[in-house]
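Novice:
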Amino acid sequence: SPPPPAGNDGPLARALRLACVLEVLAPKAGNVHPGCAFDDLSTEDFLRAAACSVPVLAQSRPLGVGQAVLESVRLTVEAAGSNVNLGILLLLAPLAAVPLQQSLTDGLPAVLQGMTSADAAAVYEAIRLAKPGGLGRSERYDTSGPPPASLLEAMREAASRDLVAAEYAGGFPVVLGEAREILLHSQLSISSWRNDIQTLQLKLMAAHPDSLIARKCGPAVARESADRAAQVLATGWPAPAANAALKDFDTWLRADGHRRNPGTTADLIAAALFAAIRDEAVKPATVQGLLQDPEVTRGLHLAGQWKQQTNLPGQANRQPDNVSVGH
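Residues 8 to 334 in my numbering are what the sequence shown spells out, letter by letter.
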């Protein structure tokens, strides 16, 4: 069973929650954010998902990676009615399992190598429960049969077609390498953090065609999305003159019923923000500045508020209605 909400207020939980809130509040191209909901997905859904999963993820080390993912998915599906954040959970659980006295770079290899067949079974059950869109028998992981003995081997097999699997297979090279470097060169100030996260999205999309787009629309469309992200950067983003190019890119991503939603890139961003906050690549003084942003404060409050009203599996859940964030 999942841990009690007492794990909700330690430094690990605070870093997890802030990363999830910043990711969904940033006005990233093609993604859900306070100004843009999908027909079946809103900012509130992501905040509710963070509220449900953060206390569990903060216990990833004693629970184990697989069980942390599974319990988080169970709570999220029960509270939100559908899977919202499977990719985020898959990335955050092993990172959160690294002992706090170790850096993620130093501690993550042992976590990944220490995963057992029980972790594989729990993750496969979580994927079945989440029913993520676009996942067929031969897609991200073939969960139609029995789980593999090794979750890491399954991730390695899927790495060529899924960016989350590629992180597992390669020791989180984007989250702990490329994305961290981009964040190190960002101010993430109260006035710039939205643009900084947009920049991170554009750079990651340009370098790594989004694998959710590839699954839903095919590799050619995913490559086109990468080219279009690169074109926005080439216009001089984040200079104001590039705003029109970003808006055009956003419009293109949202066409075709949001099937071009760069959801896997968003998952990587959430994980990268957590890693940078946790290891203080984003300085504590910078984090304190972010906490002065009223929208961030409100998002964090709602995440905590929802957690207090979320019961453990098997009990009734009631969530507040008609809560809005930002715009």
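C-beta: ideal position from N, C-alpha, C; glycine also.
All of these numbers come straight from a predicted model, not from anything done at the bench.
#1: Which ranges does the beta strand (DSSP E) cover as unbroken runs of at least 3 residues, wholly within the segment 197–225, from first to last along the chain?
#2: So, A127 versus S157, is the Cβ gap smaller than 8 Å?
#3: With DSSP as the reference, please indicate the residues paired to H40 in a beta bridge.
#4: Could you give the DSSP three-state label for L48: helix, strand or coil?
#5: Assuming P269 contacts L219 (C-beta within less than 8 Å), just tell me the rounded distance between them.
#6: Kindly list the residues whose CB is nearer than 7 Å to the CB of Y175, restricted to its own chain and excluding five residues on each side of it in sequence; keep chain order.
#7: By the 10 Å Cβ neighbour count, where 16 or more other Cβ atoms means buried, how is D234 classified, buried or exposed?
#8: Just to confirm my understanding: we take A104, look at its own chain, exclude 5 residues before and 5 after, and list those with CB closer than 8 Å. What are they?
#9: Helix, strand or coil for G121, going by three-state DSSP, please let me know.
#10: By Cβ distance below 8 Å, which residues in the same chain neighbour A229 in space, the five residues on each side in sequence not counted?
#11: Using only CA atoms, which one of P106, G114, P226 lies nearest to R168?
#12: Run the CB neighbour count on T304, radius 10 Å, all protein chains shown included, and call it buried at 16 or more, exposed below.
#13: Determine, using beta carbons only, whether L190 and L275 come nearer to each other than 8 Å.
#14: Note down, in chain order, each residue of its chain lying with its Cβ closer than 6 Å to the Cβ of L82, except the 5 sequence neighbours on either side.
#15: Tell me the residue span of the alpha helix (DSSP H) that contains F256.
#16: Could you check the C-alpha separation between L253 and H265 for me, to the nearest Å?
#17: Can you tell me whether DSSP reads V182 as helix, strand or coil?
#18: Helix, strand or coil for R266, going by three-state DSSP, please let me know.
#19: At the level of alpha carbons, what is the spacing between T242 and A249?
#20: Considering V105, what are the terminal residues of the alpha helix (DSSP H) in which it resides?
#21: Secondary structure at H192, three-state DSSP: helix, strand or coil?
#22: What's the C-alpha gap between L23 and A87?
Specialist: According to the data block:
#1: none
#2: yes
#3: C43
#4: strand
#5: 7 Å
#6: L119, L159, M162
#7: exposed
#8: S67, R68, G71, V72, A75, V118
#9: coil
#10: P216, D217, S218, I220, A221
#11: P226
#12: exposed
#13: no
#14: C59
#15: 250–261
#16: 16 Å
#17: helix
#18: coil
#19: 5 Å
#20: Neither: V105 is in no alpha helix (DSSP H) and is coded neither H nor E.
#21: coil
#22: 19 Å
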